[in-house]
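Protein chains in written order, with the numbering used here: chain A, 2 to 212; chain B, 2 to 212; chain C, 2 to 212; chain D, 2 to 212.
The beta carbon of each residue, even a glycine, is placed where N, CA and C say it ideally should be.
Number of protein chains: 4
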Amino acid sequence: MVGSKRAWGNTLQKPDEQFELKRGAILRAAAQLMRQRGYSRTSLGDIADLLNVSKPTIYYYFRNKDEVIRELLRVTVETILDPDEHPDDFPNVPGLNGAQRFERYLRRIVRLVADDMLCCLLTAPKEMLDPATVHEYEVCSPLVERMAEQIIRDGIEDGSIAPCDPIATHLFIVGALSFLPNWSHPEAYPAGAVADMFVEFAMQGMRPRQG
Amino acid sequence: MVGSKRAWGNTLQKPDEQFELKRGAILRAAAQLMRQRGYSRTSLGDIADLLNVSKPTIYYYFRNKDEVIRELLRVTVETILDPDEHPDDFPNVPGLNGAQRFERYLRRIVRLVADDMLCCLLTAPKEMLDPATVHEYEVCSPLVERMAEQIIRDGIEDGSIAPCDPIATHLFIVGALSFLPNWSHPEAYPAGAVADMFVEFAMQGMRPRQG
Amino acid sequence: MVGSKRAWGNTLQKPDEQFELKRGAILRAAAQLMRQRGYSRTSLGDIADLLNVSKPTIYYYFRNKDEVIRELLRVTVETILDPDEHPDDFPNVPGLNGAQRFERYLRRIVRLVADDMLCCLLTAPKEMLDPATVHEYEVCSPLVERMAEQIIRDGIEDGSIAPCDPIATHLFIVGALSFLPNWSHPEAYPAGAVADMFVEFAMQGMRPRQG
Amino acid sequence: MVGSKRAWGNTLQKPDEQFELKRGAILRAAAQLMRQRGYSRTSLGDIADLLNVSKPTIYYYFRNKDEVIRELLRVTVETILDPDEHPDDFPNVPGLNGAQRFERYLRRIVRLVADDMLCCLLTAPKEMLDPATVHEYEVCSPLVERMAEQIIRDGIEDGSIAPCDPIATHLFIVGALSFLPNWSHPEAYPAGAVADMFVEFAMQGMRPRQG
DNA sequence: AATGAATGAGCATTCATTCAT
DNA sequence: AATGAATGAATGCTCATTCAT
Numbered sequence: 002m003v004g005s006k007r008a009w010g011n012t013l014q015k016p017d018e019q020f021e022l023k024r025g026a027i028l029r030a031a032a033q034l035m036r037q038r039g040y041s042r043t044s045l046g047d048i049a050d051l052l053n054v055s056k057p058t059i060y061y062y063f064r065n066k067d068e069v070i071r072e073l074l075r076v077t078v079e080t081i082l083d084p085d086e087h088p089d090d091f092p093n094v095p096g097l098n099g100a101q102r103f104e105r106y107l108r109r110i111v112r113l114v115a116d117d118m119l120c121c122l123l124t125a126p127k128e129m130l131d132p133a134t135v136h137e138y139e140v141c142s143p144l145v146e147r148m149a150e151q152i153i154r155d156g157i158e159d160g161s162i163a164p165c166d167p168i169a170t171h172l173f174i175v176g177a178l179s180f181l182p183n184w185s186h187p188e189a190y191p192a193g194a195v196a197d198m199f200v201e202f203a204m205q206g207m208r209p210r211q212g
Numbered sequence: 002m003v004g005s006k007r008a009w010g011n012t013l014q015k016p017d018e019q020f021e022l023k024r025g026a027i028l029r030a031a032a033q034l035m036r037q038r039g040y041s042r043t044s045l046g047d048i049a050d051l052l053n054v055s056k057p058t059i060y061y062y063f064r065n066k067d068e069v070i071r072e073l074l075r076v077t078v079e080t081i082l083d084p085d086e087h088p089d090d091f092p093n094v095p096g097l098n099g100a101q102r103f104e105r106y107l108r109r110i111v112r113l114v115a116d117d118m119l120c121c122l123l124t125a126p127k128e129m130l131d132p133a134t135v136h137e138y139e140v141c142s143p144l145v146e147r148m149a150e151q152i153i154r155d156g157i158e159d160g161s162i163a164p165c166d167p168i169a170t171h172l173f174i175v176g177a178l179s180f181l182p183n184w185s186h187p188e189a190y191p192a193g194a195v196a197d198m199f200v201e202f203a204m205q206g207m208r209p210r211q212g
Numbered sequence: 002m003v004g005s006k007r008a009w010g011n012t013l014q015k016p017d018e019q020f021e022l023k024r025g026a027i028l029r030a031a032a033q034l035m036r037q038r039g040y041s042r043t044s045l046g047d048i049a050d051l052l053n054v055s056k057p058t059i060y061y062y063f064r065n066k067d068e069v070i071r072e073l074l075r076v077t078v079e080t081i082l083d084p085d086e087h088p089d090d091f092p093n094v095p096g097l098n099g100a101q102r103f104e105r106y107l108r109r110i111v112r113l114v115a116d117d118m119l120c121c122l123l124t125a126p127k128e129m130l131d132p133a134t135v136h137e138y139e140v141c142s143p144l145v146e147r148m149a150e151q152i153i154r155d156g157i158e159d160g161s162i163a164p165c166d167p168i169a170t171h172l173f174i175v176g177a178l179s180f181l182p183n184w185s186h187p188e189a190y191p192a193g194a195v196a197d198m199f200v201e202f203a204m205q206g207m208r209p210r211q212g
Numbered sequence: 002m003v004g005s006k007r008a009w010g011n012t013l014q015k016p017d018e019q020f021e022l023k024r025g026a027i028l029r030a031a032a033q034l035m036r037q038r039g040y041s042r043t044s045l046g047d048i049a050d051l052l053n054v055s056k057p058t059i060y061y062y063f064r065n066k067d068e069v070i071r072e073l074l075r076v077t078v079e080t081i082l083d084p085d086e087h088p089d090d091f092p093n094v095p096g097l098n099g100a101q102r103f104e105r106y107l108r109r110i111v112r113l114v115a116d117d118m119l120c121c122l123l124t125a126p127k128e129m130l131d132p133a134t135v136h137e138y139e140v141c142s143p144l145v146e147r148m149a150e151q152i153i154r155d156g157i158e159d160g161s162i163a164p165c166d167p168i169a170t171h172l173f174i175v176g177a178l179s180f181l182p183n184w185s186h187p188e189a190y191p192a193g194a195v196a197d198m199f200v201e202f203a204m205q206g207m208r209p210r211q212g
């Protein structure tokens, strides 16, 4: 019907690296929709429509719906762990105490929530994905968890974080974070402000007490 | 196929009150499955199978899938607000300061998460429910939110809770709470322990600091 | 829920003949609903609801849904053929010419359409009823058709009806009749007027021409 | 299961216009079945089976069951009103009196009954269609009714048709027409003959009388 | 590289029907 | 005489997935 919409939006650039770019565009579209509607309420047709592309095209770039999730997970974890991504808030750099490093870590994952990448993973339906995907989860998630827990442990040791159970603390914060997109008070709490408020709040809870 | 499984499990007891008991059994089964798989991945067939009952039987007790959620919501909110339910941790009783009351409130809703009742609601797909259900949400949820926020405000005033934004704080805690069932470390954190740890952790974050 | 509605309405009278009365009440309710919604859109639940009775009760009086149609057919045909039913317009009485007798016949079946009894049968889904019902159709319908056709033949012979194919003429009129409930111009054509207009119109078409 | 039946029968011809051809084939299959069994007893599965095609295929060509009826209505009305369709019996041409034009109109709609297109619409369950379809009905049907009524009025004026109520007359004839497929005497009245007989019969009823 | 066409599996929902009471 | 409870079978519809082009 409409001829004015350009397929793939403005994603394309150079003639050869297009494959990866398009793959990324699908991932972002999927992440956005899945955050809004959840995994199973997001059909491949929805994703295709958002990109002005036909359904089978998705299958040219991904084996199946499951692989979309799997890739989303891989990319997200890579983004968290890669020192070259947003180096300004990469946590593991010398000269910072535990609290400072944890705050960087928080900013890092809060940004992924804002980009829709993280929260669609946190709430994904593990029981219904195929074994390969579940395995990827079990391999990838701990990579991040270990990093976070180690930062907390270091912070407790250097006195910048109040003594606590590192694992539970991290789960607590990630949990609160995954609920963040549900904060349905956009008037009172604009997008950026919520992220700041969140980091501040979490850090406050971890600060050591006197006595 | 199998004749050994008893329909309705061990739910039935006395001959007359069976209707409500069965309705409750369906609600519990639905809550359990919806917590694990989410609303739209939980089919009425799944619920029926779990109870060793046929699909249309569900329709004898509920008008449709939506009504199951609606009832779940109603029962849950009632349970939170009713002083006669678990009076030992009903928060609004005289002689307690804000922090003590909020801890009671937390124990109350943590228990509902353990029963699967709460967390399936927190993550429900509001966009896909019919207007009646959405309306019920919009009427019921604030009842609980207001109660919690008032407790926090009282606590700040009487000095038992550190100054904070009551709304954001409550959302933060509810978010962490709704993620609680995803804590997949059953070895390290047995069910009961997680609840205690959660309450303790949340309360610690709210305690006022010196200086 | 409701206690004020009396089951069976005011149908019941004497203690023993109740069975037939109730059977008749079911038939009338069925006819009414089936005329409005058609055979397959009329569920036994609808009929039961209309009578403030439970669904299995219908099964006490009729073997199945098909038997309801079958009985409806039998009763309707009986009503048409029985001289004691509405004797004022029973067609086969001495001293009347063919046209007069056919007008009586028309009034008779138009009344059954008004009572919902006939038109739900005329449009019934013969292909989907079970063999017994189809057989009943094949036995009963001709009884009426033969009577009507004979009246037309007599009218042609005595000169009161224009020469025509009796079978086709009757089908033509019955067809127009069965469409009568669809006349959706209630403002212009109130219920009673439509019946009169219909009879008049049909008779006019049959009147002999000069030359 | 069976490999011998060709999907789509012999409908396909040229490679590009297939979409419309297939859409038309579905419409014809739907019309045929709905005439035999009525709207609600005709499932999309039945239509698909008749075409040796799977159920979801229907959804590739039509949004839902309602749209099938809607299209059927549109095509039928278009066929009646379009002067280029069967121009040999298009009624509104100069040089014909009212009776001649009405006879052409009758032949036109009788042909649509033979093609199953018309009668499945005449008996459609308006109460159960969605608003869009009902609206289409309310817009389209009058187009045909007005044309027919105007022809009758013209015929009365030019003396070729006996004075009558144009609206009621048209309803009467359309009603008889819609019953035509139920004429279950194929031996005595072969398809073509019935159509001729019907037109002749209707016209005779409308012919003016002397005196 | 992308798409039109087609399908199997699944889901919410309805309904005729049965059975124990 | 009547009903509450339960179910198998069907129905409209969606969706992930495939295949030929």
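So if I threshold CB-CB distances at 9 Å, which residues from the stretch 14-45 of chain C count as touching chain D?
37, 38, 39, 40, 41 and 42
DSSP three-state call for residue 83 of chain D: helix, strand or coil?
coil
Own chain partners of residue 30 of chain A with C-beta closer than 7 Å, once the 5 adjacent residues on each side are dropped
48, 51 and 52
Does residue 1 of chain C come out as helix, strand or coil in the three-state DSSP assignment?
Absent from the structure is residue 1 of chain C, since the part of chain C shown begins at 2 and ends at 212.
Given a threshold of 16 other Cβ atoms within 10 Å of its Cβ, counted over all protein chains shown, does residue 210 of chain B qualify as buried or as exposed?
exposed
Assess, as a yes-or-no matter, whether the stretch 32-42 of chain A is touched by the stretch 88-102 of chain A under the definition of 3 or more beta carbon pairs within less than 8 Å.
no
As assigned by DSSP and simplified to three states, the class of residue 4 of chain B:
Because the pLDDT of residue 4 of chain B is 46, which lies under 50, any placement of that residue in the model is unreliable, and the number read from its coordinates should be weighed accordingly. Note: residue 4 of chain B maps to coil in three-state DSSP.
Among the residues of its own chain, which have a CB less than 7 Å from the CB of residue 208 of chain C, if the five just before and after it don't count?
163
Three-way DSSP call (helix, strand, coil) for residue 54 of chain A in this model:
coil
Buried versus exposed, by CB contacts within 10 Å (16 or more), residue 117 of chain A
buried
Of the listed residues D:45, D:75, D:98 and D:203, nearest to residue 111 of chain D (C-alpha basis):
If we check each option's Cα against that of residue 111 of chain D, D:203 comes out closest.
Need the endpoints of the alpha helix (DSSP H) that residue 97 of chain D sits in, please.
In the DSSP assignment, residue 97 of chain D falls outside any alpha helix (DSSP H), carrying neither H nor E.
If the cut-off is 9 Å on Cβ atoms, which residues from the stretch 156-172 of chain C count as contacting chain D, listed in chain order?
163, 165, 166, 168, 169, 170 and 172
9 Å Cβ cut-off: residues of chain C touching residue 180 of chain D
123, 124, 172, 173, 175, 176, 177, 178, 179 and 180
Fully enclosed by the stretch 22-73 of chain A, which alpha helix (DSSP H) runs are 4 residues long or longer?
45-51 and 56-62
Taking Cβ-Cβ distances below 9 Å as the criterion, which residues of the stretch 191-205 of chain D are in contact with chain C?
195, 198, 199, 202, 203 and 205
With a threshold of 7 Å on Cβ separation, who are the neighbours of residue 201 of chain A within its own chain once the five nearest residues in sequence on each side are excluded?
none
Around the C-beta of residue 79 of chain B, are 16 or more other C-beta atoms found within 10 angstroms, so that it is buried, or is it exposed?
exposed
Rounded to the nearest angstrom, how far is the Cβ of residue 32 of chain D from that of residue 73 of chain D, given a contact under 8 Å?
Rounded, the Cβ-Cβ distance is 6 Å, consistent with contact.
Measure how close the beta-carbons of residue 205 of chain B and residue 206 of chain A come, nearest whole angstrom, since I'm counting them as under 8 Å.
7 Å
Is the beta carbon of residue 93 of chain D less than 7 Å from the beta carbon of residue 161 of chain D?
no
Please report the residue range of the alpha helix (DSSP H) in which residue 118 of chain D lies.
Premise fails: residue 118 of chain D is in no alpha helix (DSSP H) and is neither H nor E.
What would DSSP say about residue 155 of chain A, mapped onto helix, strand or coil?
helix
Could you tell me which chain D residues have their CB closer than 9 Å to the CB of residue 210 of chain C, listed as they occur along the chain?
205, 208, 210 and 211
For residue 10 of chain C, three-class secondary structure by DSSP:
coil
Quick check on residue 20 of chain C: buried or exposed, where buried means 16 or more other Cβ atoms within 10 Å of its Cβ?
So residue 20 of chain C counts as exposed.
Would you kindly work out how many angstroms separate the C-alpha atoms of residue 4 of chain B and residue 25 of chain C, rounded to a whole number?
For residue 4 of chain B, the pLDDT reaches just 46, beneath the cut-off of 50, and the residue's location in the model is therefore unreliable, although a value from the coordinates is still provided. Near 43 Å, if we compare the C-alpha coordinates of residue 25 of chain C and residue 4 of chain B.
Count the other CB atoms within 10 Å of the CB of residue 113 of chain B; is the residue buried (16 or more) or exposed (fewer)?
buried
Does residue 143 of chain B come out as helix, strand or coil in the three-state DSSP assignment?
helix
Using 8 Å for Cβ pairs, my map puts residue 145 of chain A next to residue 59 of chain A. What's the rounded Cβ distance?
Going by Cβ atoms, the distance from residue 145 of chain A to residue 59 of chain A rounds to 27 Å, so no, they are not a contact pair.
Could you name the residues of the same chain whose beta carbon sits closer than 8 Å to that of residue 197 of chain B, not counting the 5 residues immediately before and after it, in chain order?
Nothing listed; no residue qualifies.
Cα-Cα separation, residue 167 of chain A to residue 75 of chain B
36 Å
When DSSP labels each residue in this structure, what does residue 91 of chain A get in the three-state scheme?
Residue 91 of chain A falls in the coil class under three-state DSSP.
Pick out whichever of C:157, C:66 and C:136 has its Cα sitting closest to the Cα of residue 28 of chain C.
C:66
Return yes when the Cβ of residue 170 of chain C is within less than 7 Å of the Cβ of residue 119 of chain C, no when it is not.
no
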